[in-house]
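This report refers to the structure that appears directly beneath it.
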């Protein structure tokens, strides 16, 4: 398995040659290069990439013989931007994205069909998640927004998202840029706090204007929060529970879901219409939707599974979405089409408020 440092133009990949390395330009169609062929996957970077290769990528490669190249990105929106800019031929075969990008890809007709005919394990997915994928993707994980907090600054877990506006803690909070999915969901949480909702975020901007002068930072990538935790500068801030669980083990931070509730993000896999290795892409989607792989990924990345028949420890459900049955009751899921329709305007308003 190889990992590219950036999305290649043209694609280059690393091959071992006589104990050294040879950079070789690659073109050609599906299944070229001998063996079981190859697969190029575009996903997230930092600790996600390392964990993904260990838990999903290498086992898939070992089981199928398919050579996998992984391209680390900063955010799902970047992957879809590449798909859109190239009219469905971005140079990778699978994009690790969210249901929002999948919904946009369906509208743009830039994603290949994903149904039980191509990916048999889709038939085992929760019906509401199959619907959310719209026939052009596969929902592979469930995350929720949690409140990460410094145990040295709090005697007990904070109970409200409003802690970010508390003068004692606001200098250590983060407001995520809406180019990141976390920023969109933080905006919706703030709207709820201010008396609005997902269809009316105007009240959120007033609260953001109060917070803006005091913020620690307004990052655009999840990994940017790590130094603030390592240095003990962050007080409390929204984070996805997958990464939160990782850093709860390596820092003096922990996480909780405040009393007002939270929002979920549906992780999704999409195959660009112009993918060179569609057959292998479908094999990969089917692999990740297998109950044993779902259980392994859920427990290692601390995210909820998306197919039936996955058994998880009881303590897992205390801090994470344990199945799609939690959605709509414990956790809200924003409408993907509404997010896509408004995100551009939210970005412009964000720039006026924070930049």
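In this note's numbering, the protein residues as written are 879 to 1233. Every residue, glycine too, gets a C-beta built ideally from N, C-alpha and C.
1. Using only alpha-carbon positions, find the residue among 1035, 993 and 1045 that is nearest to residue 1135.
2. Quick check on residue 1126 - is its C-beta less than 8 angstroms from some C-beta in chain D?
3. State the Cα-Cα distance for the pair residue 1097 and residue 1216, rounded to the nearest angstrom.
4. Determine the contact status of residue 1003 and residue 980, defining contact as a CB-CB distance below 8 angstroms.
5. Once you ignore the five residues that flank residue 1210 on each side, which residues in its own chain have a CB closer than 6 angstroms to its CB?
6. Thinking residue 1116 and residue 1064 are a contact (beta carbons under 8 angstroms), I'd like their distance in whole angstroms, please.
7. What's the gap between the Cα of residue 925 and the Cα of residue 932?
8. In whole angstroms, give me the CA-to-CA distance for residue 892 and residue 941.
9. Please say whether residue 1181 and residue 1019 have beta carbons closer to each other than 8 angstroms?
10. Nearest CA to the CA of residue 1202: which residue from 944, 1051, 1176 and 993?
11. Need the endpoints of the alpha helix (DSSP H) that residue 986 sits in, please.
12. Thinking C-beta only, is residue 1214 closer than 8 angstroms to residue 1015?
13. Grouping DSSP H, G and I as helix and E and B as strand, with all else coil, what is residue 993?
14. Give the range of the beta strand (DSSP E) segment to which residue 1146 is assigned.
15. At a cut of 8 angstroms, does the stretch 1047-1061 reach the stretch 952-972 through at least three beta carbon pairs?
16. First and last residue of the beta strand (DSSP E) that includes residue 931?
17. Can you tell me which of the three DSSP states residue 1010 falls into?
18. Whose C-alpha, out of 1128, 1204 and 1155, is nearest the C-alpha of residue 1028?
19. Name the residue from 1227, 1220, 1197 and 1219 whose alpha carbon lies nearest to the alpha carbon of residue 1025.
20. Would you mind sorting residue 1158 into buried or exposed? The rule is 16 or more other CB atoms within 10 Å of its CB.
21. Using only the alpha-carbon positions, how far apart do residue 1041 and residue 1100 sit?
22. In terms of residues, what are the limits of the beta strand (DSSP E) holding residue 1116?
23. Since residue 999 sits in a beta bridge, which residues does DSSP pair it with?
24. State the Cα-Cα distance for the pair residue 945 and residue 1125, rounded to the nearest angstrom.
25. DSSP three-state label for residue 1027, please.
26. Three or more beta-carbon pairs under 8 angstroms between the stretch 1106-1113 and the stretch 1164-1179, yes or no?
27. Between residue 1167 and residue 958, what straight-line distance do the alpha-carbon atoms span, to the nearest angstrom?
28. When you compare only the Cα positions, how much space is there between residue 1095 and residue 1001?
29. Name the two residues that bound the continuous beta strand (DSSP E) containing residue 946.
30. Based on the DSSP output, what are the partners of residue 1133 in its beta bridges?
31. Would you mind reading off the limits of the beta strand (DSSP E) that contains residue 1178?
32. Report yes if the C-beta distance between residue 1112 and residue 1050 is below 8 angstroms; otherwise report no.
33. Smallest Cα separation from residue 1088: which of 921, 938, 1231 and 930?
34. Take the Cβ of residue 1091 as the centre, count every other Cβ of all protein chains shown within 10 Å, and call the residue buried at 16 or more, exposed below.
In short:
1. Looking up residue 1135 in the chain shown gives position 257. When each option's Cα is compared against that of residue 1135, the closest is 1035.
2. Among the chains in the structure shown there is no chain D, since it carries only a single protein chain.
3. In the chain shown, the residue the question calls residue 1097 occupies position 219. In the chain shown, the residue the question calls residue 1216 occupies position 338. Cα-Cα distance, rounded: 24 angstroms.
4. Along the chain shown, read from residue 1 onward, the residue named residue 1003 stands at position 125. Along the chain shown, read from residue 1 onward, the residue named residue 980 stands at position 102. No, the pair does not count as a contact, with Cβ atoms beyond the cut-off.
5. The residue you call residue 1210 lines up with position 332 of the chain shown. Here the set comprises 1141.
6. Taking the chain shown and counting its residues from 1, the one referred to as residue 1116 is at position 238. Taking the chain shown and counting its residues from 1, the one referred to as residue 1064 is at position 186. The Cβ separation is near 5 angstroms, so the contact holds.
7. For the purposes of this step, residue 925 is identified with residue 47 of the chain shown, where counting begins at 1. For the purposes of this step, residue 932 is identified with residue 54 of the chain shown, where counting begins at 1. Roughly 11 angstroms between the two C-alpha positions.
8. Sequence index remark: in the chain shown, residue 892 carries index 14 (1-based). Sequence index remark: in the chain shown, residue 941 carries index 63 (1-based). Residue confidence is low: residue 892 scores 32 on pLDDT, short of 50, so the model does not pin down where it sits. No coordinate-derived value is stated.
9. Translated into positions along the chain shown, residue 1019 becomes position 141. Translated into positions along the chain shown, residue 1181 becomes position 303. The Cβ atoms of residue 1019 and residue 1181 lie closer than 8 angstroms to each other.
10. Counting from 1 along the chain shown, the entry for residue 1202 is found at position 324. Nearest to residue 1202 by alpha-carbon distance, out of 944, 1051, 1176 and 993, is 1176.
11. For this step, residue 986 is matched to residue 108 along the chain shown. Per DSSP, residue 986 belongs to the alpha helix (DSSP H) from 977-986.
12. As a working mapping, residue 1015 is identified with position 137 in the chain shown. As a working mapping, residue 1214 is identified with position 336 in the chain shown. Result no, Cβ atoms of residue 1015 and residue 1214 do not sit closer than 8 angstroms.
13. Against the chain shown, residue 993 aligns to sequence position 115. If DSSP states are grouped into helix, strand and coil, residue 993 belongs with coil.
14. Indexing the chain shown from 1 puts residue 1146 at position 268. From DSSP, the beta strand (DSSP E) with residue 1146 extends over 1140-1148.
15. yes
16. For the purposes of this step, residue 931 is taken as the residue at position 53 of the chain shown. Residue 931 -> no beta strand (DSSP E), and no H or E assigned at all.
17. Here the question's residue 1010 lines up with position 132 in the chain shown. If DSSP states are grouped into helix, strand and coil, residue 1010 belongs with the helices.
18. Looking up residue 1028 in the chain shown gives position 150. Checked all of 1128, 1204 and 1155; the closest Cα to residue 1028 is 1128.
19. By 1-based counting over the chain shown, the position of residue 1025 is 147. The shortest Cα separation from residue 1025 among 1227, 1220, 1197 and 1219 belongs to 1197.
20. Here residue 1158 is taken as the residue at index 280 of the chain shown, counted from 1. Buried, since its Cβ has 16 or more Cβ neighbours within 10 Å.
21. As a position in the chain shown, residue 1041 is number 163, starting the count at 1. As a position in the chain shown, residue 1100 is number 222, starting the count at 1. Distance between the alpha carbons of residue 1041 and residue 1100 is about 20 angstroms.
22. Stepping through the chain shown from its first residue, residue 1116 is reached at position 238. Segment 1114-1118, the beta strand (DSSP E) holding residue 1116.
23. Taking the chain shown and counting its residues from 1, one reaches residue 999 at position 121. Answer by DSSP bridge pairing: none, since residue 999 is not bridged.
24. The residue labelled residue 945 in the question sits at position 67 within the chain shown. The residue labelled residue 1125 in the question sits at position 247 within the chain shown. The straight-line gap from Cα to Cα measures roughly 31 angstroms.
25. Walking along the chain shown from the start, residue 1027 turns up at place 149. Strand at residue 1027.
26. In short, these stretches do not touch, since the Cβ pair count stays below three.
27. As a first step, residue 1167 is located in the chain shown; it is residue number 289 there, counting from the start. As a first step, residue 958 is located in the chain shown; it is residue number 80 there, counting from the start. Residue 1167 and residue 958: Cα-Cα distance of roughly 21 angstroms.
28. One-based indexing of the chain shown puts residue 1095 at position 217. One-based indexing of the chain shown puts residue 1001 at position 123. If I take the Cα positions, the gap works out to 43 angstroms.
29. Residue numbering aside, residue 946 sits at position 68 when the chain shown is read from its first letter. Residues 945-951.
30. Within the chain shown, residue 1133 is the residue found at index 255, counting from 1. Within the DSSP bridge table, the entry for residue 1133 names 1026 as partners.
31. Position 300 of the chain shown, counted from the first residue, corresponds to residue 1178. First-last for residue 1178: 1169-1179, but that is the alpha helix (DSSP H), not the beta strand (DSSP E).
32. Against the chain shown, residue 1112 aligns to sequence position 234. Against the chain shown, residue 1050 aligns to sequence position 172. Contact flag set, yes.
33. Taking the first residue of the chain shown as position 1, residue 1088 is located at position 210. The shortest Cα separation from residue 1088 among 921, 938, 1231 and 930 belongs to 1231.
34. As a first step, residue 1091 is located in the chain shown; it is residue number 213 there, counting from the start. With a 10 Å radius around the Cβ and a threshold of 16 neighbouring Cβ atoms, residue 1091 comes out exposed.
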